[in-house]
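Peer 1:
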Amino acid sequence: MMGISLDEYKKNRTILINQIDEYTEILSEMKLEDEYEKMTNYKREVLTNNFQLVVVGEFSRGKSTFINALLGEKILPSSAKPTTTILNKIVYNADSLIKLHFHYEKSPAQIITDSDFASLIAPMDPVQGDSFSEKEYETRVDYLKTIQYAEIGRDLEICKSGVEIIDTPGTNDLDPVREQITNTIIPKSDAAILLLSAVKILSESELSLLRDRLLANDIQKIFIVVNFKDALESKEDEEKVRTFAYEHLKDILNDPRIYMVSAKQALNARRKEKGEQVKSPRGRPITVWDFEETGFMELEKSLEEFLQYERGAIKLLKPLQRLSMSINELNNKHIAFEKKVLNAKVVNLKEKVKNFRPKVKQAEKSGAETLKKISREIKKEEDSFIEWYRRELQKITETAMETFDQFRHIEIHEISSRIEAAIAPLEKAIFESKKTKIMDIAINSVKRGTKDFSEQWGILEDDLLNLTEPTDDESLYPKIYKEKSNQPSIFDEIYDELGQAWTNSNSLLGQVGIGIGYVANTLAYGITSLFKWGLSIWTGDDEKSRFRADLSNQFNLSNKQKAISAKVEYESISLGIQKKYKAIVKQQVKQVELQLEQLLKTTGLEENEIKKRLEIIKRREYRLRDISSTLESLNDKVNQQSKGKVGVS
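Numbers 1 to 649, taken from the UniProt record's numbering, label the letters of the sequence shown in order.
#1: How is Lys31 classed by DSSP in three states: helix, strand or coil?
#2: Let me check one thing: in DSSP terms, what residues is Glu164 bridge-paired to?
#3: Mind checking Asp636: buried by the 16 CB within 10 Å criterion, or exposed?
#4: So if DSSP puts Leu317 in a beta bridge, which residue, or which two residues, is it bridged to?
#5: Quickly, what does DSSP pair Val226 with across the bridge? List them, please.
#6: Leaving aside the five residues before and after Pro319 along the sequence, list all residues of the same chain whose C-beta is less than 6 Å from its C-beta, in chain order.
#7: What are the boundary residues of the alpha helix (DSSP H) that Phe102 is part of?
#8: So, at 6 Å on beta carbons, what are the nonlocal neighbours of Lys264 in its own chain, with the 5 sequence-adjacent residues on each side left out?
#9: For Arg257 and Arg391, what's the separation of their Cα atoms in angstroms?
#10: Which same chain residues, not among the five before or five after Gly604, have their C-beta less than 8 Å away from its C-beta?
#11: Can Ile412 and Phe547 be called in contact, C-beta distance under 8 Å?
#12: On the DSSP bridge list, what partners appear for Ala549?
#13: Against chain C, does Ile438 count as a neighbour if the rule is that its beta carbon must be under 8 Å from one of theirs?
#14: Measure how close the beta-carbons of Ile121 and Ile152 come, nearest whole angstrom, since I'm counting them as under 8 Å.
#15: Does the distance from the CB of Leu195 to the CB of Asn227 come in under 8 Å?
#16: Along the beta strand (DSSP E) that carries Val91, what are the first and last residues, could you check?
#17: Name the DSSP bridge partner or partners of Gln110?
#18: Does Ala150 come out as helix, strand or coil in the three-state DSSP assignment?
#19: Figure out for me which residue from Gln641, Gln591, Thr397 has the closest Cα to the Cα of Lys333.
#20: Let me confirm a value: Val127 is counted as buried when at least 16 other C-beta atoms fall within 10 Å, else exposed. Which label applies?
#21: Have a look at Leu464, Tyr309, Lys582, Ile193 and flag the residue whose alpha-carbon is nearest the alpha-carbon of Arg357.
#22: Measuring straight from C-alpha to C-alpha, what distance separates Lys361 and Leu330?
#23: With three or more beta-carbon pairs closer than 8 Å as the criterion, would you say the region 623-634 touches the region 366-380?
#24: Is the separation between the beta-carbon of Leu393 and that of Ser189 shorter than 8 Å?
#25: Buried or exposed for Leu600, going by 16 or more other Cβ atoms inside 10 Å?
#26: Helix or strand or just coil, what does DSSP make of Leu530?
#27: In or out: Asp7 buried (at least 16 other Cβ within 10 Å) or exposed?
#28: Going by C-alpha to C-alpha distance, which of Ser60, Phe337, Asp290 sits closest to Ile617?
#29: Taking only three categories from DSSP, how would you classify Ser536?
#30: With a cut-off of 8 Å on the beta carbons, I'd call Leu210 and Ile252 a contact; round off their distance for me.
#31: Assuming contact is defined by CB atoms lying nearer than 8 Å, are Val225 and Ala198 in contact in what I supplied?
#32: Out of Glu398, Tyr246, Arg271, which one is the CA nearest neighbour of Phe555?
#33: If we ignore side chains and look at the alpha-carbon of each, how far apart do Gln19 and Asn328 end up?
#34: Is DSSP giving Ala191 helix, strand or coil here?
#35: For residue 654, I'd like the list of residues in its chain whose CB is within less than 6 Å of its CB, leaving aside the five on either flank, ordered along the chain.
#36: Near Pro77, which residues of its chain fall below 6 Å by C-beta distance, leaving aside the five closest residues on each side in sequence?
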């Protein structure tokens, strides 16, 4: 009953961390402060980059009990009525606590009691027609909309090993939380569990969530878990449910594995193992299954392999590649330059350096002008982008209302399903198109804006190397910079981070403090409430008219908020690019200044001192070669481990 272990991933991570430490020691010796800071940040990211496991499910799928079974104890309160109106993050903490985090940055996090938390995630519905009850309900809704998420800290082995469990609000048709889950939460996660019920296998809205809303890049993350297998009468019934689920999901998830579990029995088995007496609410002893029979062992083994190898490779290979690139740059630029300087016999060096410094200042000035150009390019496209997005959102509203009118004669819950089926593919397509448009505008603006500056900087670097040549004949050296096809751009970091802007909290968006999905999350509960209790009372024709009006209002409000959110995303990308660009130019200028200082310090060095310095460089090269060799072996090992280790097979 070990649960999920990530020991192999931790071993690989330790190897990478050790190499970063060895490399930063060399950077420190060479006084390369900016690169040292960058590598230190990479190390911090590797150490704090926990695995996020998201659990998604409609109401009454046993989600709270399922998460409790994963954790091995009762953490989340369960209820017969729909619960979880906010996002919950279960994380490691030596001391048990529940902390509310709010959207407004200046609002401090608030620690609450377990009983307050239980009341928070299962609020009482209002009494229809009772103004006091409805007012009280609205107050609670307004408060819930200010909460970004609840952090539940516990000293649990699964969390201690580096897994954070994200408990999402329960979803049903026309629930805006569905869009947030598929567009924001799952893309940022490492694995996602869709919890189904064996007694009501695959509702149309569950199929729609997977078929119409799940983004293509996230298909491999999905684990289909069917709960309540203890409610089935025989193994034959269990196999029928599994086959039914497989047949309906195989075209969506490419040959999925279906995990049949009993969350209740798994939780009871783990409680019993800890020495608890498992009893019914009336105090009678309960028959507890062996853990092997609950289905959790197979599920946890698959999750463990997927997280350790498939997702673990993603978490380690990116910083590993960045470290390797940094080492190559250190060898090709700094060390090669330093060796050339020490071996050179340069005439009139001080005068050459003095004449060269204005070129650096001019390049720095050009860099600032280029930044303004990039900013103008991106700003120029903003209005047309937002206008396009508003038009696309309006098409969704029109589709929803047309669908309502077409199926007005049927029950409201059926109308909701029809609307969901009609708008879900549109919302998915618009979300993807929005990202693509922002990316294209940003990348093209950076490429156009930096073209001249990149060429100017290339000439500057060539001229810097020319300073070390033992001749005064400047005409011997070309002044036209020709970019090599295999030569990385100094701005490649920007393109790299743009590619992760919506999936990585350390990306350009994360660095400027913008949480994508903010508006969707703040708006979600208020809209959800319309469908949570309202559908049961709108049944007649007049009620349908009211529902149509409310539906139209909610879509219009949602569209306005989404347009605001898109504007924030767009401007945040622009700010993130500017921030990264400034840092790159500053670092490049600083490196050139450092190299000029190295040049001057070699003037008048004795032969034996030059030999000593060359020997130091030689030892550094050996150390760098050892680091590169270790990284190459780790790269091969991680890639080999990830082969065949997939969550959906």
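No residue lacks a Cβ here, since even glycine has one placed at the ideal position from N, Cα and C. Bear in mind that the values here come from a model prediction, so they are computed numbers and not experimental data.
Peer 2: Let me lay it out:
#1: Coil.
#2: Gln52, per the DSSP bridge assignment.
#3: Around the beta carbon of Asp636, a 10 Å sphere encloses fewer than 16 other beta carbons of the protein chains shown; the residue is thus reported as exposed.
#4: Bridge partners of Leu317 according to DSSP: none are assigned.
#5: The partner list for Val226 (beta bridge, DSSP) reads Leu196, Met260.
#6: Excluding residues within five positions, the ones whose Cβ falls inside 6 Å are Tyr42, Val46.
#7: Per DSSP, Phe102 belongs to no alpha helix (DSSP H); it is in the beta strand (DSSP E), 97-102.
#8: The beta carbon of Lys264 is closer than 6 Å to those of Thr65 in its chain, skipping five residues each way along the sequence.
#9: Take the alpha-carbon of Arg257 and the one of Arg391: they are about 40 Å apart.
#10: Excluding positions up to five away in sequence, the list is empty.
#11: In terms of Cβ geometry, Ile412 and Phe547 form a close pair [threshold 8 Å].
#12: Answer is none; Ala549 lacks a bridge partner.
#13: Among the chains of the structure shown, chain C does not appear; only one protein chain is present.
#14: Their Cβ separation, rounded to whole angstroms, is 11 Å, which puts Ile121 and Ile152 out of contact at 8 Å.
#15: Yes, Cβ-Cβ distance for Leu195 and Asn227 is below 8 Å.
#16: It spans 88-92 - the beta strand (DSSP E) in which Val91 sits, taken as one unbroken run.
#17: Looking at the DSSP assignment, Gln110 forms a beta bridge with Leu100.
#18: Note: Ala150 maps to strand in three-state DSSP.
#19: Comparing Cα-Cα distances from Lys333 to each of Gln641, Gln591, Thr397, the minimum goes to Gln591.
#20: Looking at its Cβ environment, which holds fewer than 16 other Cβ atoms inside 10 Å, Val127 is exposed.
#21: When C-alpha distances from Arg357 are compared across Leu464, Tyr309, Lys582, Ile193, the shortest belongs to Leu464.
#22: In a straight line, the C-alpha of Lys361 is about 23 Å away from that of Leu330.
#23: Too few Cβ pairs lie closer than 8 Å, so no.
#24: At a Cβ-Cβ threshold of 8 Å, Leu393 and Ser189 do not count as neighbours.
#25: Exposed, since its Cβ has fewer than 16 Cβ neighbours within 10 Å.
#26: The predicted position of Leu530 is uncertain, since its pLDDT is 44 and thus under 50; no value can be drawn from it.
#27: Residue environment analysis places Asp7 among the exposed positions, since fewer than 16 neighbouring C-beta atoms fall within 10 angstroms of its C-beta.
#28: It is Phe337.
#29: Any reading at Ser536 needs caution, since the residue's pLDDT is 42, under 50, leaving its predicted position unreliable; the model's value is listed next. Residue state for Ser536 is assigned as coil, using DSSP reduced to three classes.
#30: So it is a contact: roughly 5 Å between Cβ atoms.
#31: Not closer than 8 Å, so no.
#32: Selected option, being the one with the closest Cα: Glu398.
#33: Each residue's Cα considered, the two are about 14 Å apart.
#34: Ala191: strand per DSSP, three-state reduction.
#35: Nothing can be reported for residue 654, as the shown portion of the chain is limited to 1 through 649.
#36: Only residues of its own chain outside the window of five on either side were considered, and among them Ala118 have a CB closer than 6 Å to the CB of Pro77, listed in chain order.
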